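Chains as they are written, first to last, in full-length UniProt numbering: chain H, 1 to 252; chain A, 1 to 252.
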């Protein structure tokens, strides 16, 4: 075990907060998948990150002995940590657990004064072979995704991390092109948009990203989505103006 | 992947039920622990099984490729399956997850018509480095053991297995000799006593086991426990007789 007490924590809180509001938040996507190279879903998600800045794609190969210091350094350098995996028996595949067991030493992880992960975000992107609606009391799976993810929620709790609402991708193979487009946007947002931000900031983010993607194949379809979102925003602003006028009238 | 459809299920329901009431219930203890050979707790628990019949102690070595057919055969041959492990990041160490991912193929595990695990029991023996009371809402760990074990409860649910109340061993290293004696009895009972049986059957079991142990070192202490339990049973029977007499008087 390395002496983590000697690790300098280069993480400046003020700087981090700034980074998360501005454009410079850095996201680490830790991917565990035993059939990674044959997975259509993982290929799709990987392509979705192309062109996005400040994303580190970190695939964990099977049968690897992890370099603990290097893995911890990666965690230190990023603001948002994503665990991305297909759900196997209500948990990540064994490789991610092996990574947790080795890399997340107590002294590195616990949210004490030194707490190196404290204030960072932990997100979960999990793919399901069965419909998401099966995951509830009384249905085939009997337990909700929120319940099944308790071990990760408890980890975030212990490390003082902010646990993000999970992104659940169910039955990717059956998705229509429209559903895939929606997933692509949801996924990019999950990796890069500030978490729990206002509707208007999210809208801006979508428009900005879509404009960047205009060079891709589906230009007509993308233009349609952009027009729709721009219209949404105009409608929202109209609504806000009306509310403002009503309030001023009441106060006057 | 082996063709599980070809596996003959040697498991006769009536015979199994008989076995679980009688003395012939077979228990498989699957042990995952990265420092197994240095673990005082695992050594203690292993010694506690010595002399017990119908127990298969099955340690999963690290870095092993499992023989899926052989592991599935072990599951077929036992009535009660125990996952025994120290809790690492709110779950079993990676080795057990690797075993689950490889051995528990869908066709073998799912509780459909062929459901090979259906009706068997799944027990969890987990050791904690922290006090059990830390595991609740508002305490250090924030989540209960019941919540943390949801992935195993969901597995039991999917396989049609009966999930046993977990046996939680917290802070073994701080236990007094008396606490260790209690743990030994609780553990032996967890492995071999019929689950959810009556108070009187449990008492009989304890007395029977303790009598067997009379050859060990702590004879005086054991005799004390036996006397106490025998007295409990006499008291209980006296109480039952009194209730019976009162009822007869009322009915007469």
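Positions of the beta carbon are idealized from the N, C-alpha and C atoms, including for glycine.
No experiment lies behind these values; they were computed from the predicted model shown.
- Residue 143/A and residue 137/A have their C-alpha atoms some 5 Å from each other.
- For residue 96/A and residue 242/A, the gap between their C-alpha atoms comes out near 51 Å.
- With its beta carbon at least 8 Å from every one in chain A, residue 121/H lies outside the interface.
- In the three-state reduction of the DSSP assignment, residue 109/A falls in the helix class.
- Against chain A, a Cβ distance below 8 Å from residue 157/H picks out 141, 142 and 143.
- The C-beta separation of residue 84/A from residue 125/A comes to about 4 Å, placing the pair in contact by the 8 Å criterion.
- Runs of the alpha helix (DSSP H) spanning 4 or more residues and lying entirely within the segment 25-105 of chain H occur at 40-49, 68-77 and 94-103, in chain order.
- For residue 98/A, at least one C-beta of chain H is nearer than 8 Å to its own C-beta.
- Proximity of chain H to residue 91/A at the Cβ level (cut-off 7 Å) is accounted for by 91, 97 and 151, in chain order.
- Contact with chain H is found for residue 88/A, since one of that chain's Cβ atoms lies less than 8 Å from the residue's Cβ.
- Residues of the segment 30-62 of chain A with a C-beta less than 9 Å from any C-beta of chain H: 34, listed in chain order.
- At a beta-carbon threshold of 8 Å, the residues of chain H lying near residue 148/A are 150, 151 and 154, ordered along the chain.
- Around the C-beta of residue 130/H, fewer than 16 other C-beta atoms lie within 10 Å, and the residue is accordingly described as exposed.
- Judged by beta-carbon spacing, residue 72/H lies within the 8 Å limit of residue 103/H, meaning their Cβ atoms are closer than that value.
- Rounded to whole angstroms, residue 179/A and residue 59/A show a C-alpha spacing of 25 Å.
- In the three-state DSSP reduction, residue 145/H falls in the helix class (H, G or I).
- Bridge partners of residue 123/A according to DSSP: 82/A.
- When the beta-carbon positions are compared, residue 151/A and residue 152/H stay at least 8 Å from each other.
- Sequence-distant Cβ neighbours of residue 41/H in its own chain, meaning closer than 6 Å and more than five residues away, are 127 and 172.
- 8 Å or more divides the Cβ of residue 121/H from the Cβ of residue 55/H.
- Secondary-structure assignment with DSSP links residue 162/H through a beta bridge to 121/H.
- Taken residue by residue, none of the segment 126-137 of chain A has a beta-carbon sitting less than 7 Å from a beta-carbon on chain H.
- Not a single C-beta of chain A is nearer than 8 Å to the C-beta of residue 111/H.
- At least one CB atom of chain H sits nearer than 8 Å to the CB of residue 104/A.
- Listed along the chain, the chain A residues whose CB falls inside 8 Å of the CB of residue 101/H are 34, 88, 89, 93 and 94.
- If you look at residue 170/H, you'll find it in the beta strand (DSSP E) that goes 167-170.
- Ranking 94/A, 74/A and 114/A by CA distance to the CA of residue 27/A puts 74/A first.
- Residue burial is scored here from C-beta neighbours: residue 98/A has at least 16 other C-beta atoms within 10 angstroms and is therefore classed as buried.
- By the CB criterion at 8 Å, residue 115/A and residue 167/A fall outside the cutoff.
- Residue 245/H counts as exposed, since fewer than 16 other C-beta atoms from the protein chains shown sit within 10 angstroms of its C-beta.
- Looking at the backbone, the Cα of residue 29/H and that of residue 57/H are separated by about 5 Å.
- If you draw a straight line from the Cα of residue 169/A to the Cα of residue 247/A, it comes to about 43 Å.
- A buried status is given to residue 100/H, since no fewer than 16 other beta-carbon atoms sit within 10 Å of its beta-carbon.
- Cα atoms of residue 80/H and residue 165/H: separation of roughly 13 Å, rounded to the nearest angstrom.
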